[in-house]
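First residue of the sequence shown? That's -8 in the numbering used here, and the numbers climb one at a time after it. By construction, the Cβ of each residue, glycine as well, lies at the ideal position given by its N, Cα and C atoms. Here the structure is a predicted model, which means the values were calculated and not measured. For reference, the structure discussed in these notes is given below.
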Amino acid sequence: MIPDNIKTRIYPSGRLRKQLLSIKQLVKDYPESQYAKKVLRQFIQKFWLGSNRVNYFEIFNEAWLKLLPAPIHEIIEIGGLRFINDNAFKAEYTDIFIASGVNISTKDQEKKIASKVLSLLSAEGPYENAEVTLKKDDIVIDAGANLGMFSLFCSQKEVSKVYAFEPQKEVINLLKKNILLNNATEKLEVIPLGLSDQNDYYLLSHSQTGHSAGSIVLQRNNKNDTEIIKCVTLDSWVKENNIPKIDFIKADIEGAERNMLLGASEILTKFSPCLAICTYHLSV
């Protein structure tokens, strides 16, 4: 175990240190849990050596298998919403953490541990905070809707409309099914397009671990697993479709967030929408 009064040789972020201390406490609380110990070993290596040995996907997947062991394609319920238990669903949900983490009420010890691990390892934080919030009658842009977690979360609020932009063909089918499962067709409209700084066609690289992280900016695989998608600027799309206003923009589009913002300069100037933008994909 790492003494609390000793600093690492590779200076970690404050978040990493807090994560490690929390995992240590988790092992202390549940000393018989091999899963908690496994997570701790990986984070000790990362904390001390700066290694890339923390396999987040493996940790997430194992935790979700403990929490939601339903077979693939069965329907599961979380937070009052229903989803098809697709291969990418669990990664999608852990990627969002709309509220304060995954708090699943259960008496099962392993499920409690898995729930704590998932909440602890949320890397992106919530899309809402004290100042960036969804309001009544908002018109929302969900850029990178994927399987629809955020769009469907919005539909539970008093927003006026959510435009769910998702260009991947395979994902669009799942997104539409999830919208139907939640009777949200009135508030949600799927837009089968990507968003960028130009109206053009782009090559999208699929994620190696599912379809939750396809990118037009980042190379996601070494197998030439790609598809051609159509992208538009948000400025041009809003004009063409006579959208009266934009109040909230959420964007998690795997490195293309800057491009999307460049293509929305008029909207940003005119409407000053709330922005929930992922910034971790590119370091500069």
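Residue i to residue j span [Cα, whole Å]
i: LYS168; j: ILE69; result: 16 Å
i: LEU209; j: GLN189; result: 17 Å
i: PHE123; j: ARG8; result: Contrary to the premise, residue 123 reads as Val rather than Phe in this sequence. For VAL123 and ARG8, the distance between alpha carbons rounds to 27 Å.
i: ILE182; j: ALA175; result: 15 Å
i: GLU119; j: ILE268; result: 11 Å
i: THR270; j: GLY246; result: 8 Å
i: LEU138; j: ASP77; result: 9 Å
i: ASN215; j: ILE35; result: 35 Å
i: VAL93; j: LEU56; result: For VAL93, the pLDDT reaches just 49, beneath the cut-off of 50, and the residue's location in the model is therefore unreliable, although a value from the coordinates is still provided. Going by the C-alpha atoms only, they are around 14 Å apart.
i: ALA255; j: LEU179; result: 21 Å
i: HIS197; j: ARG249; result: 20 Å
i: GLU177; j: TYR193; result: 30 Å
i: LEU171; j: LEU72; result: 11 Å
i: PHE88; j: ASP191; result: Residue placement at PHE88 is flagged as unreliable, the pLDDT there being 44, under the threshold of 50; the coordinate-derived value follows with that caveat. Going by the C-alpha atoms only, they are around 32 Å apart.
i: LYS236; j: LEU253; result: 18 Å
i: LEU266; j: ASN233; result: 21 Å
i: ILE163; j: THR260; result: 30 Å
i: LYS230; j: ALA134; result: 17 Å
i: SER187; j: MET251; result: 4 Å
i: PRO264; j: ALA121; result: 15 Å
Own chain, CB closer than 8 Å to residue i, minus 5 neighbours either side, in chain order
i: LEU184; result: PHE156, PRO158, ILE220, LYS221, CYS222, VAL223 and TRP228
i: LEU195; result: PRO158, GLN159, GLY185, GLY205, SER206, ILE207, THR217, GLU218, ILE219 and ILE220
i: VAL18; result: SER24, ALA27, LYS28 and LEU31
i: PHE277; result: It is not possible to answer for residue 277, since the shown part of the chain is limited to -8 through 275.
Cβ neighbours of residue i in the same chain (closer than 7 Å, five flanking residues each side left out)
i: GLN199; result: ARG211 and ASN212
i: TYR21; result: ALA27, GLN100 and ILE104
i: GLU257; result: ASP226
Residue nearest to residue i in terms of C-alpha spacing, selected from the options
i: LYS15; options: LEU111, GLU101 and LEU56; result: LEU111
i: PHE38; options: LEU11, ILE258, LYS152 and VAL150; result: LEU11
i: PHE74; options: ALA247, ASN173 and THR260; result: ASN173
i: GLU276; options: GLU257, LYS102, GLY254 and ALA255; result: There is no way to answer for residue 276, as the model of the chain reaches only from -8 to 275.
i: GLU65; options: GLU161, LYS230, LEU165 and ASN233; result: LEU165
i: ASP243; options: VAL162, LYS230, ALA136 and SER187; result: ALA136
i: ASP129; options: LYS241, SER13 and LEU253; result: LYS241
Cβ neighbours of residue i in the same chain (closer than 6 Å, five flanking residues each side left out)
i: VAL278; result: For the chain, the structure presents residues -8 to 275; residue 278 sits outside this window and is missing.
i: LYS127; result: GLU149
i: SER91; result: Unreliable placement is indicated for SER91, whose pLDDT of 43 sits below 50; the coordinate value is still reported in the next sentence. Taken in chain order, the list of residues that qualify is empty.
i: SER13; result: LEU111
i: GLN147; result: none
At what residue ranges does the stretch 241 to 267 contain a whole run of the alpha helix (DSSP H), taking only runs of 4 or more?
Restricted to the stretch 241 to 267, the alpha helix (DSSP H) segments that are unbroken, complete and at least 4 residues in length are 248 to 253 and 256 to 262, listed in chain order.
Between the stretch 130 to 143 and the stretch 101 to 108, can you find at least three pairs of beta-carbon atoms closer than 8 Å?
No, the stretch 101 to 108 is not in contact with the stretch 130 to 143.
Runs of 4 residues minimum, wholly inside the stretch 146 to 226: which ones carry the alpha helix (DSSP H) assignment?
160 to 172
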